[in-house]
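Here the structure comes first, spelled out in structure tokens, and everything after it is commentary.
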Amino acid sequence: MAAMNISELRFLVAEDHDFQRRTLVGLLKRLGASYVSDAPDGASALEMFATPDARIDVIISDLDMPGMDGMELIRRVGESGLPVAIILASSIERAVLASVETMTKAYGITLLGAIEKPVTQSKLEGLISKHKPPQAKSTGTRPASPAIPLEEIRRGLGNSEFEPFFQPKIDLASGELKGAEALARWRHPERGVLGPYAFIDTLEQVGQIDPLTWMMVTKSARQCRAWADVAPALDVTVSVNISASSLAVAGAADHITRLVRDEGVDPGRIVLEVTESTAVGNVGASLETLARLRMRGFRLSIDDYGTGYSSMQQLARIAFNELKIDQSFVMSALESDASRVILESSLEMARRLKVQSVAEGVETRAHWDLLLALGCDMAQGYFIAKPMAAADFARWAAEWKAPE
Ligand code: C2E
Ligand code: CA
Ligand code: CA
């Protein structure tokens with residue numbers, strides 16, 4: 306069965322050793338492959354891969370190559386968003402293989418496996434037979450949501466129909482409520498309450514996310530103030546998600562500061578969550594805004610940590626206050642060694658950088674216990690509570706008791 310598939314698959318071999326490269330190509334042909342291209346390093350492999358009519362299905366790559374190595378090749382291939390599977394032709398330790406596997410998954414690439422050298426025909430065939438044709442590409446794990454026309458979203462923004470729901474952040478050691486993350490919801494007059502996937506992508510794609518960002522900052526700060534006024538237990542920090550493009554807006558730092566102060570809130574009560582890729586992507590303007598915001602007293606958090614491009618240098622430069630470990634690592638930490646390794650090393654890094662660690666996606670008691678044991682500072686997730694409207698949040702907080 307595998308043999309039949311192999312003739313239809315298109316292969317690309319990236320390997321710097323001539324002999325090993327020729328061997329791999331030869332093995333593939335003997336297995337029945339009819340389309341095999343090869344490259345002596347990552348850069349030329351990427352070039353071939355990116356050729357529109359190449360349509361590569363499986364890349365067989367060495368990890369250790371001069372110039373662009375296998376890891377970088379994987380990342381670049383992942384960025385292309387094209388469906389492709391990878392086989393690593395490298396002898397690597399189990400632990401390293403596990404992290405590479407998690408990394409490839411995060412980039413949306415299927416890792417069929419790794420083979421030790423010398424590569425044999427049967428080992429290669431075994432891995433290729435695991436190849437499945439790519440599924441029609443859905444947008445990651447996101448739930449299907451109605452595509453809402455931009456005009457309708459803009460009308461909703463004009464009518465101020467968007468509001469923050471709040472999800473608690475709990476100090477693991479003490480069980481105390483420490484903060485609330487504001488998550489955008491649209492109270493649509495006909496469609497009911499809609500989550501961010503119904504509108505964020507659309508707004509970002511057309512470069513019109515800023516009005517939503519400002520509305521979320523304003524309403525979140527307002528709620529922060531209102532809670533602080535009613536009960537000391539509700540005097541918590543409020544976290545707001547800031548889109549990359551909003552950070553790059555000229556005068557963004559001043560604008561955000563003004564919005565928060567106008568609500569009578571000290572910037573120190575507001576945590577701004579930005580994703581890793583934001584922090585390193587649009588370097589100039591975004592970093593300037595972040596540095597300014599930090600100087601004004603805002604707290605900065607790296608969101609979805611582990612899924613983006615981690616550049617320690619950049620992180621250190623901005624002096625972040627908090628690291629939010631992506632829920633994918635937290636959720637799978639109980640089952641997968643690889644996720645657990647990443648979770649542990651992220652926590653270790655947070656400790657060494659002296660920043661708060663927050664775990665997202667805490668869905669069960671077992672997750673809670675594991676994070677507590679690993680010394681994570683804070684937890685957020687369905688095990689504690691789902692995001693709630695502001696009024697429900699206050700009621701929830703009054704009844705909250707930490708697990709014993
Ligand atoms: P995020 O910042 O990573 O937020 C966490 C998401 O995980 C939220 O989804 C939350 O409801 C969900 N979640 C929380 N606990 C659990 C759990 O235990 N299990 C699982 N499976 N999920 C959990 P939500 O509210 O749908 O938001 C999705 C994303 O939309 C957010 O991811 C954030 O990136 C973006 N977003 C939300 N509000 C805003 C906003 O005001 N501005 C911008 N730019 N993005 C926003
Ligand atoms: Ca977030
Ligand atoms: Ca996340």
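Just so we're aligned, residue 306 is where the sequence shown starts under the numbering used here, counting upward by one. For glycine and all other residues, C-beta sits at the position ideal for the given N, C-alpha and C.
- Excluding sequence positions up to five before and after Glu486, its CB lies within less than 6 Å of the CB of Gln472, Ser544, all in the same chain and listed in chain order.
- The C-alpha of Leu378 is placed about 23 Å away from the C-alpha of Glu430.
- Our two residues, Val389 and Gly680, have alpha carbons roughly 37 Å apart in a direct line.
- For His493, the enclosing beta strand (DSSP E) begins and ends at 482-493.
- Boundaries of the alpha helix (DSSP H) around Phe324: 323-335.
- Burial state of Asn546 is buried, judged by a 10 Å Cβ sphere holding 16 or more other Cβ atoms.
- With respect to Ala643, Thr409 sits apart: the two C-beta atoms are not nearer than 8 Å.
- Fully enclosed alpha helix (DSSP H) runs of no fewer than 4 residues occupy 549-552 of the region 521-559, in order along the chain.
- Around the CB of His322, fewer than 16 other CB atoms lie within 10 Å, so the residue is classed as exposed.
- Across the set Val511, Glu468, Lys524, the C-alpha of Glu468 shows the shortest separation from the C-alpha of Leu499.
- For Val579, the enclosing beta strand (DSSP E) covers residues 575-580.
- For Thr415, the uninterrupted beta strand (DSSP E) run begins and ends at 415-420, by DSSP.
- The residues Leu539, in chain order, have a CB closer than 6 Å to that of Trp532 in the same chain once the five nearest residues on each side in sequence are set aside.
- Short note on Leu648: C-beta not closer than 7 Å to any heavy atom of ligand 1.
- Remark: the shortest separation between the CB of Glu509 and any heavy atom of ligand 2 does not fall under 7 Å.
- Here DSSP, grouped into helix, strand and coil, assigns Phe504 to coil.
- A distance criterion of 7 Å places the beta-carbon of Asn626 beyond contact range of ligand 1, judged by its closest non-hydrogen atom.
- Less than 8 Å divides the Cβ of Gly611 from the Cβ of Phe634.
- Of all alpha-carbon atoms in Val405, Asp369, His560, Arg492, the one lying nearest the alpha-carbon of Trp519 is that of His560.
- Taking each of Pro454, Ser591, Gly461, Glu495 in turn and checking the Cα distance to Val511, the smallest one comes out for Pro454.
- Collapsing the DSSP output to three states places Leu393 in a strand.
- Distance between Gly589 and Leu628, taken at the CA atoms: about 22 Å.
- Distance from the Cα of Ser662 is smallest, within the candidate group Ala671, Leu648, Arg670, for Leu648.
- For ligand 2, no non-hydrogen atom lies closer than 7 Å to the CB of Asp506.
- The beta carbon of Ile458 is closer than 7 Å to those of Phe504, Thr507, Leu508 in its chain, skipping five residues each way along the sequence.
- Counting along the chain, no beta strand (DSSP E) covers Glu640, and no H or E run does either.
- Contact between Asp362 and Arg315 holds: their C-beta atoms lie close to 5 Å from each other, under 8 Å.
- By the rule of a C-beta closer than 5 Å to any heavy atom of ligand 2, the residues picked out are Asn546, Glu578, Asp608.
- Scanning the region 586-612 for uninterrupted alpha helix (DSSP H) segments of 4 residues or longer gives 588-600, listed from N- to C-terminal end.
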